[in-house]
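Asker: Read left to right, the sequence shown gives residues 6 to 679 (the numbering used here).
Beta carbons are placed, not taken as given, at the ideal position from N, Cα and C, and that holds for glycine.
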Amino acid sequence: MQNQYPKVDYLFAGAGASATLLLMSMEKHGLLNNKSVIILDPHDKLINDKTFCFWSEINVGPAFECKNIISHQWNEVSVNRKKSESLSPQNYFHISSIDLYNEQRRIIEHYNLKRIQTQVSELEKTENGIVVKTEKGDWNSNLVFDSRPPKYLPLKNDDAHLLQSFFGYVIETELTITNTHCVDLMDFNVDQQEQTQFVYVLPFGSNQALVELTRFGKNIISKKESLSILEKYIQGRFGKYKILEEETGCIPMSTAKVSNDDAPGIIKIGGRAGAIKPSTGYAFKNMHYHAEQIAESLKNKQTPKNISKLKRFSFYDRLLLLILSKKPAQGKFIFQSLFNNNSTKEILNFLDEKTTFFKDLKIFSSLPLKPFITAVFWVFIARVKQISTPVFLLLSTSILCLFYNLYPQLFNIIQVILFTLGLIIVGIPHGAVDHLLDTGNLNGKIKLSFILNYLGLIILNLLVWLFFPEAALLFFVTYSAWHFGQTDLKDDNPLRINVIKYLIWGGIILGTLLLGHVNETNKILTNMQVWQIPLKENEAVLSSILLSAIAFLWFLYERNWKMIFTVLFLTLSILLPLVSAFGIYFIGQHSINGWSHLKQGMKTQNKSLFFKALPFTAGAVFLFITLFFLMRTDFFNYYDGHLVTIFFVFISCISFPHVVAMNNFYYKQTKTFK
């Protein structure tokens, strides 16, 4: 039987540096007195597994708050072993992880907190607080500080994800280290191996130093790769040496969004809160300041805020990481130019994001411009691609409107060809791989139970249409709005299922289409023998345009350009027949978005996914043809053989099990990143 603990005041999911810094800040502000606290972590934290470094003014901020655990400090820095520069009024500080962990143990013992060695598997928001699930039991708290390692969302076209990996030794040197007050931040005088690589040296005394080989790249540098470079470097600089300790590690350097939820009561800290500076990998100072902000907020009974970043510095980080990702060999030249043409103090202020925009321009003017201009171009192209589909649909809708009014016969031929191809290529296939979503495996076998359940839902939906058409219509509109909204907005926040926003956006889509074509809509509703929209054509069209205008302002406020262009082409499609307008959206945006999500989630390519979908695509086509002929018989004269009505009923019948399958798929994707 699992151990059960009562509800606690604070719960820590993770016991690393960010958790320790927060405990220290909470202690300073008197927030641990008479509080029940549980700290969960899978590791015992009894070894010196990391090094934490930062630069700061002396006796302020983290330098003052952490003075009892700072093991070394230096007041000079050097790059490429050139003449050292003074950091005054700042120093460069070093903290060993074991000292940080020991400080955490002191706090735990002093306040009688509980620390349990176990892995947190899930955080679940409930009415009574946050339930934290582990293999050793479940705990409950209104405040959970989540410092589990960050998991990044799939990269967008303008994102870059690199790794700062390192391997090094604490050595005892034969030769005396002449300047023990100076840190070698970057020494690029080593083999680059088509990467960006440098050596990092921290002198701990006249005959002792930490020497690390660091790589900025997509691949982690291995011990085997490091040994020959390190041995050559150490012997060339320090002579014979003795290895005292070995250190290895990896820090993510990413512009991708961190996969964490914003549920009330869950406070993200550390890397999960975005404390890691993407272009450098430094995080300690950000974690300290965030810990102070959280503690002060709790003391004042306010909601703690997330780590805030200036957008222009995020953009600078993005440019550098894109360059290092696509052209890694240019890293050495860029960093050397940076340090050769600017003082180290200016660079550290820049990395602290404390410079003015004009100072930023001065620093960038000292760098090779070509790679950064190229990176700006990459970002521009990537962001254009993000809105390329709705922009293309806006242009296509404009052209179709011209053909519809000037060459109606040619328009009919064009739309039949386009929509037929669209349905076969992506419209039907995007819903024809639901059997793969059921198994969660691209090569999984189709289960008979899945086929029977799927067909059962289709037949059940059809029977509801036959005997309870008004209920079927209401149900169809509701789950269609949900599904359209979920598919269109998934990329905005992949971690949260926002029911209201999905329904509103899906309702706008359907409202714009149906109200904008009220006569055609009412004709279909008449054939179904259900209630009609009680508006005149001019009133309904005006309502449709007003709905679009509200949506336009909404997404303009959110700066979601993709949705803005979607609103524009939906509004323009009012000038086309209903089936044409619906087809443009359903095939051109909804199906393509869904197909893209399937490829991403199942880690496959178009060709493989299409052939996996082919059996069910063929089955859906066969069903439609069969349904079409059945509907034209006297037995099904309830629908008077109306082709458009048959089309919408058919879509409704095959959509419902698909919506269920896709919702489960999106939910699993959400859970994967929590």
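1. Would you kindly check if the distance between the Cβ of T56 and the Cβ of S23 is under 9 Å?
2. Starting from V216 and walking both ways along the beta strand (DSSP E), at which residues does that stretch end?
3. Are there three or more Cβ pairs, one per stretch, closer than 8 Å when the segment 298 to 313 is compared with the segment 195 to 215?
4. Out of A261, L325, G254 and K316, state which residue places its alpha-carbon closest to the alpha-carbon of T285.
5. Could you please give me the residues that DSSP links to S101 through a beta bridge?
6. Return the Cβ separation of R323 and V384 in integer angstroms, given the expectation that the two are a contact with Cβ distance under 8 Å.
7. Taking the straight line between their C-alpha atoms, what separation do you get for E236 and V175?
8. Are the Cβ atoms of R5 and S259 separated by less than 9 Å?
9. Given this structure, state the Cα-to-Cα distance separating F17 from I43, to the nearest angstrom.
10. Bridge partners of Y15, per DSSP?
11. Going along the chain, which residues of its own chain have a beta-carbon closer than 7 Å to the beta-carbon of E177, five neighbours each way excluded?
12. Rounding to the nearest angstrom, what Cα-Cα distance links V13 and S41 in this structure?
13. With a Cβ-Cβ cutoff of 9 Å, do Q491 and M667 count as a contact?
14. To test your reading of the DSSP string, which unbroken alpha helix (DSSP H) runs of 4 or more residues are found completely within the segment 513 to 544?
15. Could you tell me if N611 is buried or exposed, where buried requires 16 or more neighbouring beta carbons within 10 angstroms of its beta carbon?
16. Tell me whether A545 is buried or exposed, calling it buried when 16 or more other Cβ atoms sit within 10 Å of its Cβ.
17. Any chance the segment 269 to 282 sits against the segment 147 to 165, with 3 or more Cβ pairs inside 8 Å?
18. Quick one: what's R120 bridged to in DSSP?
19. Which stretch, first to last residue, makes up the alpha helix (DSSP H) that contains P726?
20. For N458, name the three-state secondary structure that DSSP assigns.
21. From the DSSP output, read off the bridge partner residues of T178.
22. Where Q537 and I569 are concerned, what is the direct C-alpha to C-alpha distance, given to the nearest angstrom?
23. Put F343 into one of helix, strand or coil per three-state DSSP.
24. Is L45 near G19, with beta carbons less than 9 Å apart?
25. Please report the straight-line C-alpha distance between T402 and V389, rounded to a whole angstrom.
26. Between I368 and N347, which are expected to be in contact by the criterion C-beta below 8 Å, what is the C-beta distance as a whole number of angstroms?
27. Could you pull out every residue in the same chain whose Cβ sits closer than 8 Å to the Cβ of A334, ignoring the five residues on either side in sequence?
28. Spatial neighbours of Y643 within its chain, please: CB distance less than 6 Å, with the 5 preceding and 5 following residues excluded, ordered by chain position.
29. Hey, how far is the Cα of S233 from the Cα of F172?
30. Exposed or buried, what is E179 when buried is set at 16 or more other beta-carbons lying within 10 Å of its beta-carbon?
31. Kindly indicate the opening and closing residues of the beta strand (DSSP E) around C187.
32. Measure from the alpha carbon of T360 to the alpha carbon of each residue in N64, S342, L315 and W559, then state which is nearest.
33. At the level of alpha carbons, what is the spacing between L479 and S657?
34. Taking only runs that begin and end inside the segment 56 to 87, name each unbroken alpha helix (DSSP H) of 4 or more residues, in chain order.
35. Among Y205, E542, E140 and F69, which has the Cα closest to the Cα of V216?
36. Do you know offhand how far S83's Cα is from L207's?
Answerer: Looking at the coordinates:
1. No, Cβ-Cβ distance for S23 and T56 is not below 9 Å.
2. Q213 to G222 is the extent of the beta strand (DSSP E) around V216.
3. Result no; under three Cβ-Cβ pairs closer than 8 Å.
4. Closest option to T285, Cα to Cα, is L325.
5. Partner(s): T56.
6. A Cβ-Cβ distance of about 6 Å is found for the pair R323 and V384, placing them in contact under the 8 Å criterion.
7. Near 13 Å, if we compare the C-alpha coordinates of V175 and E236.
8. Absent from the structure is residue 5, since the part of the chain shown begins at 6 and ends at 679.
9. So the two alpha carbons sit approximately 6 Å from each other.
10. Within the DSSP bridge table, the entry for Y15 names V42 as partners.
11. Result list for E177: N212, Q213, Y246, K247 and L249, in chain order.
12. Distance between the alpha carbons of V13 and S41: 5 Å.
13. Yes, they are a contact pair.
14. Unbroken alpha helix (DSSP H) stretches of 4 residues or longer found wholly inside the segment 513 to 544: 523 to 532, given in chain order.
15. Exposure of N611 is indicated by the presence of fewer than 16 other C-beta atoms within 10 angstroms of its C-beta.
16. Buried, by the Cβ-count rule.
17. Yes: the two stretches touch, three or more of their Cβ pairs being nearer than 8 Å.
18. R120 is bridged to I44.
19. In the structure as shown, the chain starts at 6 and stops at 679, and residue 726 therefore has no counterpart that could be examined.
20. For N458, the secondary structure class from DSSP, reduced to helix, strand or coil, is helix.
21. In the DSSP output, where bridge partners are listed per residue, T178 has Y246.
22. Computed Cα separation, rounded: 30 Å.
23. The sequence shown places Leu at residue 343, not Phe. L343 falls in the helix class under three-state DSSP.
24. The answer is yes: Cβ separation under 9 Å.
25. If you draw a straight line from the Cα of T402 to the Cα of V389, it is about 19 Å long.
26. Their Cβ separation, rounded to whole angstroms, is 6 Å, which keeps I368 and N347 in contact under 8 Å.
27. These residues qualify, in order along the chain: Q197, E199, Q200 and T201.
28. Caution is warranted here: a pLDDT of 47 is assigned to Y643, below 50, making its placement in the model unreliable, and the coordinate value is therefore given only provisionally. Correct list: empty, nothing qualifies.
29. Their backbone Cα atoms lie some 12 Å apart in a straight line.
30. Within 10 angstroms of the beta-carbon of E179 lie fewer than 16 other beta-carbons, which makes it exposed.
31. Segment C187 to D192, the beta strand (DSSP E) holding C187.
32. Ranking N64, S342, L315 and W559 by Cα distance to T360 puts L315 first.
33. Each residue's Cα considered, the two are about 11 Å apart.
34. Qualifying alpha helix (DSSP H) stretches, in chain order: 66 to 70.
35. Among Y205, E542, E140 and F69, the Cα nearest to that of V216 belongs to Y205.
36. About 11 Å.
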